[in-house]
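**Student:** Have a look at the structure that comes next, please.
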Amino acid sequence: MKLRLFTLLVVVTVAQLGSPLHSQPDARTPRFQPAGNPGPLSVIPGGSAEFQLNVFIPENNHIYVGHVDIRSFNIVTEFSTEEAGWAVEVKEGPDGVVKDLDYILAGRGMNAAAGRYTLQIFETLGRSANNSVQALSIKIRTQMCNSRTNVCYRPAELTQTIPVRLSGARREISHRSLGRIEWANGYDAALAKARQTGQNIFVLITAPSWCGYCQMLERDVMSKDAVATVLNNKFVSLQVLDSSPDLRRFDFDGYPTMLVANASGEVINEINGRSESRFLAAVRPYEQNPGSTTTNNTEETASERFECTGTVTGRFEHRSDGWVQVVAGQAPQPYTENRRDQNFVVLQNSSTRVFYALPLRSGPGYVYENGGWQSRFQARPIE
20 MKLRLFTLLV VVTVAQLGSP LHSQPDARTP RFQPAGNPGP LSVIPGGSAE
70 FQLNVFIPEN NHIYVGHVDI RSFNIVTEFS TEEAGWAVEV KEGPDGVVKD
120 LDYILAGRGM NAAAGRYTLQ IFETLGRSAN NSVQALSIKI RTQMCNSRTN
170 VCYRPAELTQ TIPVRLSGAR REISHRSLGR IEWANGYDAA LAKARQTGQN
220 IFVLITAPSW CGYCQMLERD VMSKDAVATV LNNKFVSLQV LDSSPDLRRF
270 DFDGYPTMLV ANASGEVINE INGRSESRFL AAVRPYEQNP GSTTTNNTEE
320 TASERFECTG TVTGRFEHRS DGWVQVVAGQ APQPYTENRR DQNFVVLQNS
370 STRVFYALPL RSGPGYVYEN GGWQSRFQAR PIE
């Protein structure tokens, strides 16, 4: 994986984010520095540009560049922006080595770059170019650990200010990476079908004729057969183009925006998943089979269920109001979904705060005890 960044002015602020770890002094913070001496980054409306950023890490320390397994609680280095009309993605990150449940990047000292990130910056509103330079704030969340002692410092939030210039004209395209998703014919049709089937509505607000970020989403996610299968069978799908009158029904900051709404049209959540696997994991909690509605005086039909045997028994059920553990003769225990990937969903008991990892395919289930995951039960999904 690699990343890249824009620069001129580097403002670094270390925010001590809540963590059961040690306080991290400034001297123990990795440094991110633009490669070379770039000037303002030129981006066309609806387009993107790349920027490279070197990372320097003290010797005998490391940062995290990816998870081998979603059960890891370590913080992977991430880049984001909160400025409307802009988005940032990691196009390429430094190669890491496997350490336990993570990929790590080892430090080489503060005078030698440990690796390089290539970032892709997107303009997402298609605004008119004015050639003025804007200071774009990129947030970097990272965590550094001592490689000898395995002691990790508190996650740090750094801010990189990058000068960008919006210039040129929007570029219209005719070729698109169209998949086989069955889109509803407008908002009213989607709402009517959702009320009939009891399913949630997946909403894609997009401008693929000129928006580079939208085109990337079509190519990398929406054109995939597995994505189409899920959206066609588990959701009512609605595509809202930038030219659609349905656009006024939604609040959004830029293209593309992905939302999940219920059968009444109320937005439940925004979906972030810019790869096939991340998208499928993100929408999984909202999947519903047709006709999965609440029946009178009976338990609500769950979108996910797991049968467990061993030291953990009963069923874990994902209902419309959250997760519960159902054990015969006991009141249902509430759980919160912490994270998931294609292999596990990690839940936290709302009372005891203990974490459980349920396999999405039949196999061992895990409980987080004494600083590590312990196999304590068997679990199998129930269709």
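Take 20 as the starting number for the sequence shown in the numbering used here and just add one per residue.
Yeah, the Cβ is synthetic: ideal placement off N, Cα and C, and Gly gets one too.
Would the region 185–194 count as touching the region 155–174 if we require 3 or more Cβ pairs under 8 Å?
**Tutor:** no
**Student:** Tell me which residues share the same chain as Gly-284 and place their Cβ nearer than 7 Å to its Cβ, disregarding the 5 neighbours each side in the sequence.
**Tutor:** Leu-210
**Student:** Rounded to whole angstroms, what is the Cα-Cα separation between Gln-393 and Gly-292?
**Tutor:** 29 Å
**Student:** Assuming Asn-362 and Pro-378 are in contact, meaning their beta carbons sit under 8 Å apart, how far apart are those beta carbons, in whole angstroms?
**Tutor:** Confirmed, Cβ separation roughly 7 Å.
**Student:** Drop a sphere of 10 angstroms on the beta-carbon of Glu-323, count the other beta-carbons inside from all chains shown, and report buried for 16 or more, exposed for fewer.
**Tutor:** buried
**Student:** Report buried or exposed for Pro-77, applying the criterion of at least 16 other Cβ atoms within 10 angstroms of its Cβ.
**Tutor:** buried
**Student:** In angstroms, rounded to a whole number, what distance separates the CA positions of Thr-143 and Gln-153?
**Tutor:** 15 Å
**Student:** Between which two residues does the alpha helix (DSSP H) harbouring Gly-382 extend?
**Tutor:** Note, Gly-382: premise wrong, no alpha helix (DSSP H); beta strand (DSSP E) at 382–388.
**Student:** Given a threshold of 16 other Cβ atoms within 10 Å of its Cβ, counted over all protein chains shown, does Gly-273 qualify as buried or as exposed?
**Tutor:** buried
**Student:** Which residue from Leu-138, Asn-93, Pro-353, Gly-128 puts its Cα closest to that of Val-109?
**Tutor:** Leu-138
**Student:** Is Leu-299 helix, strand or coil when you go by DSSP?
**Tutor:** helix
**Student:** What beta strand (DSSP E) runs, 3 residues minimum, are completely inside the region 102–186?
**Tutor:** Complete beta strand (DSSP E) runs here, min 3: 105–111, 116–118, 121–125, 134–142, 152–161, 163–165, 175–185.
**Student:** In the DSSP assignment, find the unbroken beta strand (DSSP E) run with Thr-355 in it and report its ends.
**Tutor:** 352–359
**Student:** Between which two residues does the beta strand (DSSP E) holding Leu-197 run?
**Tutor:** First-last for Leu-197: undefined, no H or E at that position.
**Student:** Taking Cβ positions, are Tyr-232 and Ala-106 nearer each other than 8 Å?
**Tutor:** Using a Cβ distance threshold of 8 Å, Tyr-232 and Ala-106 count as a contacting pair.
**Student:** Counting only the same chain and skipping the five closest in sequence on each side, list residues whose C-beta sits under 7 Å from that of Val-345.
**Tutor:** Gly-333, Arg-334, Glu-336, Pro-351
**Student:** Is the CB-CB distance between Arg-50 and Phe-70 below 8 Å?
**Tutor:** It is not a contact, given that the beta carbons lie outside the stated cut-off.
**Student:** So Thr-248 is in the alpha helix (DSSP H); what residue range does that whole segment cover?
**Tutor:** 244–253
**Student:** Around the Cβ of Glu-306, are there at least 16 other Cβ atoms within 10 angstroms (buried) or fewer (exposed)?
**Tutor:** buried
**Student:** Where does the unbroken alpha helix (DSSP H) through Gly-284 begin, and where does it stop?
**Tutor:** Note, Gly-284: premise wrong, no alpha helix (DSSP H); not H, not E.
**Student:** Express the C-alpha separation of Arg-167 and Gly-126 in angstroms, rounding to a whole number.
**Tutor:** Gly-126 and Arg-167 have their C-alpha atoms spaced approximately 12 Å apart.
**Student:** Output the distance between the C-alpha atoms of Ile-140 and Thr-180, rounded to the nearest integer angstrom.
**Tutor:** 13 Å
**Student:** Taking C-beta to C-beta, are Leu-120 and Arg-146 nearer than 8 Å?
**Tutor:** no
**Student:** Expressed to the nearest angstrom, what Euclidean distance is found between the alpha-carbon atoms of Arg-359 and Arg-267?
**Tutor:** 33 Å
**Student:** Under the rule that 16 or more other beta-carbon atoms within 10 Å means buried, what is Gln-215, buried or exposed?
**Tutor:** exposed
**Student:** Reducing DSSP to helix, strand and coil, say where Pro-304 ends up.
**Tutor:** helix
**Student:** Would you list the one or two residues that DSSP bridges to Glu-336?
**Tutor:** Arg-324, Val-343
**Student:** Using C-beta distances below 7 Å, list every residue in its chain close to Ser-156, excluding the 5 sequence neighbours before and after it, in chain order.
**Tutor:** Thr-100, Glu-102, Thr-178, Thr-180
**Student:** Identify whether Glu-402 lies in helix, strand or coil by the three-state DSSP scheme.
**Tutor:** coil
**Student:** For Asn-93, which of Pro-264, Met-277, Arg-160 has the nearest alpha-carbon?
**Tutor:** Arg-160
**Student:** Identify whether Thr-216 lies in helix, strand or coil by the three-state DSSP scheme.
**Tutor:** helix
**Student:** Can you give the Cα-Cα distance for Thr-317 and Pro-400, rounded to whole angstroms?
**Tutor:** Residue confidence for Thr-317 is low, a pLDDT of 38 falling below 50, so the modelled location carries little weight and cannot support an answer.
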